Every structure is written in structure tokens, then in C-alpha cells.
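Under our numbering, think of the first position of the sequence shown as 26, with each following residue one higher. Think of the CB as a built atom: it goes at the ideal place given N, C-alpha and C, for glycine as much as any other residue. Note that this is a predicted model, so its numbers are computed, not measured.
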Amino acid sequence: MTTEDAATTAAIDIVTRQAVDSLRTTADPRLRDLLTALVRHLHAFARETRLTQGEWADAVGFLTATGGACTDTRQEFILLSDVLGLSMLVETVHGHSAPGTTESTVLGPFHLTESPARELGDSIDLMGDGEPCVVSGRVRSADGTPLPGAVLDVWQADAHGFYDVQRPDLQPPGNGRGSFTAGAEGGFWFRTCVPSPYPIPTDGPVGTLLKASGRHPYRPAHIHFIATAAGHAPVTTHIFVAGDAHLDSDAVFAVKDSLVKDFTPTDDPSLAREFGVPNPFRHARFDVVLERS
Ligand code: BEZ
Ligand code: FE
Numbered sequence: 026m027t028t029e030d031a032a033t034t035a036a037i038d039i040v041t042r043q044a045v046d047s048l049r050t051t052a053d054p055r056l057r058d059l060l061t062a063l064v065r066h067l068h069a070f071a072r073e074t075r076l077t078q079g080e081w082a083d084a085v086g087f088l089t090a091t092g093g094a095c096t097d098t099r100q101e102f103i104l105l106s107d108v109l110g111l112s113m114l115v116e117t118v119h120g121h122s123a124p125g126t127t128e129s130t131v132l133g134p135f136h137l138t139e140s141p142a143r144e145l146g147d148s149i150d151l152m153g154d155g156e157p158c159v160v161s162g163r164v165r166s167a168d169g170t171p172l173p174g175a176v177l178d179v180w181q182a183d184a185h186g187f188y189d190v191q192r193p194d195l196q197p198p199g200n201g202r203g204s205f206t207a208g209a210e211g212g213f214w215f216r217t218c219v220p221s222p223y224p225i226p227t228d229g230p231v232g233t234l235l236k237a238s239g240r241h242p243y244r245p246a247h248i249h250f251i252a253t254a255a256g257h258a259p260v261t262t263h264i265f266v267a268g269d270a271h272l273d274s275d276a277v278f279a280v281k282d283s284l285v286k287d288f289t290p291t292d293d294p295s296l297a298r299e300f301g302v303p304n305p306f307r308h309a310r311f312d313v314v315l316e317r318s
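This is the structure we're talking about:
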């Protein structure tokens with residue numbers, strides 16, 4: 026690595042100062058702060074790494090390809106933000122939960138605004154080819170008050186690690202999805218299959234980046250939830266299957282210890298009959314605690 030002479034250092038400082046100064050006229054003060062910090066950090070990055078013109082051109086090519094991979098149903102830029110840890114960083118800076126309440130984590134790209142409304146106890150596994158599983162729990166306020174009427178929007182990948190929208194030819198729409206309304210005492214339960222770990226999409230520029238970094242693309246098995254209740258802040262979260270091999274290396278850094286749950290193997294024919302699942306099955310318990318708004 027070469028170091029520049031004093032004249033070059035001065036010229037570099039001038040470029041940075043001019044670029045920062047050019048933003049003074051930005052009318053929106055927050056936008057001015059964001060752009061100014063962005064320019065300062067980008068310039069610091071180029072200085073620290075002594076970014077070459079060829080590398081800069083490669084980076085432009087990469088970002089161009091990232092934009093080119095975006096469609097109505099695929100957001101490669103969000104995926105890029107996910108694998109660089111930026112999505113989880115923003116979530117961590119702003120999504121902090123009050124002590125004792127359910128922690129949040131990333132939304133991910135597979136949420137649909139309309140999950141099919143289902144009755145408590147319904148199955149969201151419309152394929153029926155996975156390991157049977159019951160998820161149950163209660164929704165309550167941080168002070169312990171039960172929250173009947175709370176809504177849980179749930180979505181997960183199937184037993185093969187794919188969301189319905191990824192394989193519309195193989196899965197019916199709404200497979201792995203459901204919107205449940207908590208009953209008396211805030212209780213809820215539904216039937217499903219045990220989710221599988223799955224790779225995030227790797228057939229675009231983000232996949233190329235993961236490969237170049239020697240990183241695997243897997244997310245540990247999980248079920249997504251958005252919990253909402255009147256008078257409370259909603260929470261967007263997942264539960265992760267305890268024991269999953271990828272808990273310590275989630276491709277998008279979204280695991281929080283409090284969200285790792287036992288999916289307990291259960292061999293109890295009468296309980297299985299009560300739940301309407303084949304025996305044996307797995308049972309995950311998840312209590313959702315919301316903060317008053
Ligand atoms: C997901 O869990 O659905 C997900 C999150 C971030 C990137 C890709 C998938
Ligand atoms: Fe997911």
C-alpha cells in the first residue's frame with residue numbers, strides 16, 4: 026500500500042470538504058444530516074481502503090446488477106442490506122423492546138400484507154408433508170393483563186424450506202400463513218409443520234457476494250409473527266427452533282436468544298387427539314408480551 030504525499034492528502038481533504046459543503050443547501054435538516062454522514066463515511070471508506078478505480082467500477086457494476094435483479098416480487102437491495110447486517114442493525118437501534126416484552130427481529134421479504142384469516146387450531150400446513158407441530162401460547166400486556174382479541178399474523182417456510190410465493194407451482198397460496206385472533210385469556214394455538222432451515226435466494230448478486238466471502242446462505246428454521254393488540258405497540262418477530270445448526274451463523278444475523286424455543290418432541294396419543302395432529306408431534310410454546318403504547 027502506498028501513502029500519499031502532503032499535497033495529495035490536502036487535495037483529498039479538499040474533495041471531502043467540498044462534497045460535504047455542497048450539501049449545506051439541503052432544505053430538510055434530517056436529509057442534510059443523513060447525506061453529510063453518508064459522504065463522510067464513504068470518503069473515509071475510500072481513503073482507508075485506498076479504493077482503486079477498477080474496484081470502484083466493479084462496485085458500481087455490482088450495485089447495477091443488484092438493481093437489475095429487483096422485480097415486483099424480489100428486492101435484491103433489501104437482501105443485500107440483510108446479509109451485510111444493516112437491516113438487523115437498524116432494527117436493533119430502533120426496535121428495542123421494554124424489559125420483559127417480546128423482542129423484535131427482521132421482517133424479511135416473504136411477508137404478505139394479507140394472511141388468510143384462520144380459526145384457532147387451524148393448520149397453516151396445507152401440504153401435510155412435514156413433521157406435525159402445534160404452536161401455542163398466550164398474548165399479554167407487560168403488566169400481565171391477558172389480551173384476548175390480539176391478532177397474530179404468522180408465516181413460515183414449508184418442510185422443504187420454501188415459502189408459498191417461491192414455489193407457486195408446488196404450494197397453494199396461503200400455505201404456511203395464517204392470521205389468528207387470540208381467544209379468552211389471550212390464548213392462541215395453531216397446527217403446522219416443523220419449519221426447515223432454508224437458504225436465502227443465491228441466484229443473484231447477493232449470492233455472488235456470499236460465495237466470494239465464503240459464507241453459507243442459510244437461515245435457521247423459524248416461524249415469523251407480527252403481533253398486534255389495541256393500545257399496544259405491535260411486534261414483528263420470529264421464533265427459532267432450538268438446536269438448529271445455523272442459530273450461530275444466521276445469514277441475516279436475526280437470532281436473539283429469547284426467541285429460540287424448544288419444539289418439544291411429544292409422544293402422547295390423547296394429547297395428539299385433542300390437538301387433532303398425528304402422534305408423535307412437536308409442541309412449541311410461545312408467550313407474546315406487548316408493551317402499552
Ligand atoms: C426471512 O426470514 O424470510 C428472510 C429474512 C431476510 C432475508 C431473507 C429471508
Ligand atoms: Fe423467513
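Can the beta-carbon of residue i be found less than 7 Å from the beta-carbon of residue j?
i	j	result
residue 181	residue 220	yes
residue 165	residue 314	yes
residue 308	residue 85	no
residue 100	residue 134	yes
residue 33	residue 45	no
residue 211	residue 173	yes
residue 306	residue 157	yes
residue 167	residue 126	yes
residue 216	residue 148	yes
residue 230	residue 87	yes
residue 263	residue 249	yes
residue 178	residue 251	yes
Taking DSSP as the reference, what is the three-state secondary structure of residue i?
i	result
residue 315	strand
residue 50	coil
residue 119	helix
residue 292	coil
residue 221	coil
residue 181	strand
residue 203	strand
residue 102	helix
residue 230	helix
residue 130	coil
residue 79	helix
residue 93	helix
residue 281	coil
residue 8	Residue coverage of the chain in this structure runs from 26 to 318, which leaves residue 8 outside it and unanswerable.
residue 257	strand
Residue i: buried (16+ other C-beta within 10 angstroms of its C-beta) or exposed?
i	result
residue 196	buried
residue 40	exposed
residue 26	In this prediction, residue 26 has a pLDDT of 48, which is less than 50 and means its spatial position is unreliable; nothing more can be read from the coordinates.
residue 274	exposed
residue 371	In the structure as shown, the chain begins at 26 and stops at 318. Residue 371 is therefore absent and cannot be evaluated.
residue 115	exposed
residue 175	buried
residue 112	buried
residue 91	buried
residue 261	buried
Which one of the options has the shortest CA to CA distance from residue i?
i	options	result
residue 235	134, 208, 277	277
residue 222	188, 65, 170	188
residue 245	279, 29, 213	279
residue 228	47, 42, 94	94
residue 118	109, 108, 238, 129	129
residue 310	288, 304, 82	288
residue 108	304, 224, 263, 125	224
residue 206	31, 292, 77, 143	143
residue 98	154, 303, 137	137
residue 139	120, 199, 58	199
- For ligand 1, residues whose Cβ lies under 5 Å from any non-hydrogen atom: 107, 133, 135, 225, 277
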